[in-house]
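K.L.:
Numbering (the numbering used here), first residue to last: 200 to 406.
1) Please say whether residue 394 and residue 369 have beta carbons closer to each other than 8 Å?
2) With a cut-off of 8 Å, do at least 3 Cβ pairs link the stretch 219–226 to the stretch 250–269?
3) What's the C-alpha gap between residue 287 and residue 344?
4) What is the DSSP secondary structure of residue 390, counted as helix, strand or coil?
5) Any idea what DSSP makes of residue 223, helix, strand or coil?
6) With distances taken from CA atoms, which of 361, 312, 340, 250 is nearest residue 279?
7) Shorter than 8 Å from the beta carbon of residue 315 to some beta carbon of chain D?
8) When the Cα of residue 373 is compared with those of 336, 314, 305, which residue comes out closest?
9) When DSSP labels each residue in this structure, what does residue 254 get in the three-state scheme?
10) With a CB to CB cut of under 7 Å and the five nearest residues on each side skipped, what residues in its chain are close to residue 377?
11) Take the Cβ of residue 210 as the centre, count every other Cβ of all protein chains shown within 10 Å, and call the residue buried at 16 or more, exposed below.
12) Using only CA atoms, which one of 300, 342, 213 lies nearest to residue 362?
13) Tell me which residue opens and which closes the alpha helix (DSSP H) that residue 360 is part of.
14) Taking residue 317 and residue 231 to be in contact with their CB atoms under 8 Å, please state how far apart those CB atoms are, rounded to whole angstroms.
15) Kindly indicate which three-state DSSP category residue 304 falls into: helix, strand or coil?
Rendered as structure tokens:
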């Protein structure tokens with residue numbers, strides 16, 4: 200039997216989400232060490248100690264931010280993959296999804312790049328596990344585009360190490376947007392179009 204969600208439950212969930220978003224923004228702006236629980240609480244209109252009602256502490260908040268973004272990437276990537284009819288459509292859908300995600304979540308990407316070392320061992324291991332799963336999702340999609348992987352051309356085999364290299368290099372290109380673009384330009388459709396075209400060209404180079 201499912202316990203019904205109460206108004207109090209919804210309010211608590213909304214406050215937790217607000218705290219997560221505020222933490223991500225402040226971590227991006229100031230770095231993990233430059234932000235206190237009092238800063239995060241003030242950003243959502245509560246006291247620093249009140250944040251403990253939702254998260255065990257600042258490190259737990261960082262973990263929640265980065266684990267969630269990794270989970271969202273896998274969930275979204277799997278969703279667009281299932282909606283594609285061909286290998287080509289699947290790869291393009293993954294690229295568009297990741298480009299849109301990077302442009303819409305620049306703050307979290309900045310936090311990931313800079314503050315992952317501050318995660319607890321448990322959260323760091325979980326983030327790495329989720330990231331590996333997401334990379335493998337892309338590797339599978341990219342492998343389907345290679346005739347060699349399908350056995351059509353044994354002279355041009357794209358092995359797993361190369362697939363991983365291509366995918367991670369593509370992520371580096373897309374995830375550089377928080378550092379290489381202004382906030383206003385990230386909202387322009389042309390930015391997404393250029394990034395998607397560059398990402399696809401990089402993935403497909405010499406396959």
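Positions of the beta carbon are idealized from the N, C-alpha and C atoms, including for glycine. Model, not experiment: these values are computed from the prediction.
P.N.:
From the atom records:
1) One-based indexing of the chain shown puts residue 369 at position 170. One-based indexing of the chain shown puts residue 394 at position 195. Cβ distance not < 8 Å, so residue 369 and residue 394 don't count as in contact.
2) yes
3) In the chain shown, the residue the question calls residue 287 occupies position 88. In the chain shown, the residue the question calls residue 344 occupies position 145. Using only the alpha carbons, I get a separation of about 7 Å.
4) Numbered from its first residue, the chain shown carries residue 390 at position 191. In this structure, residue 390 counts as helix in the three-state DSSP scheme.
5) In the chain shown, residue 223 corresponds to position 24, counting from 1. Residue state, collapsed to three classes: helix.
6) Residue numbering aside, residue 279 sits at position 80 when the chain shown is read from its first letter. Residue 340 is the option with its Cα nearest to residue 279.
7) In summary, chain D is missing from the structure at hand, where a single protein chain is found.
8) As a working note, residue 373 is residue 174 in the chain shown. Considering only alpha carbons, the answer is 305.
9) Counting from 1 along the chain shown, the entry for residue 254 is found at position 55. In the structure shown, residue 254 sits in coil (DSSP, three-state: anything other than H, G, I, E or B).
10) Here residue 377 refers to the residue found at position 178 when the chain shown is read from its first residue. Once the five neighbours on either side are set aside, the close Cβ partners of residue 377 are 305, 308, 309.
11) To locate residue 210, count along the chain shown from 1; it is residue 11. Flag for residue 210 reads exposed.
12) Along the chain shown, one-based indexing puts residue 362 at 163. Among 300, 342, 213, the Cα nearest to that of residue 362 belongs to 342.
13) Counting from one through the chain shown, the residue named residue 360 turns up at place 161. Element bounds for residue 360: 359–374.
14) As a first step, residue 317 must be located in the chain shown, where it is residue number 118. As a first step, residue 231 must be located in the chain shown, where it is residue number 32. Between residue 231 and residue 317 the Cβ distance is about 5 Å, and since that is below 8 Å, they are a contact.
15) Residue numbering aside, residue 304 sits at position 105 when the chain shown is read from its first letter. Residue 304: coil per DSSP, three-state reduction.
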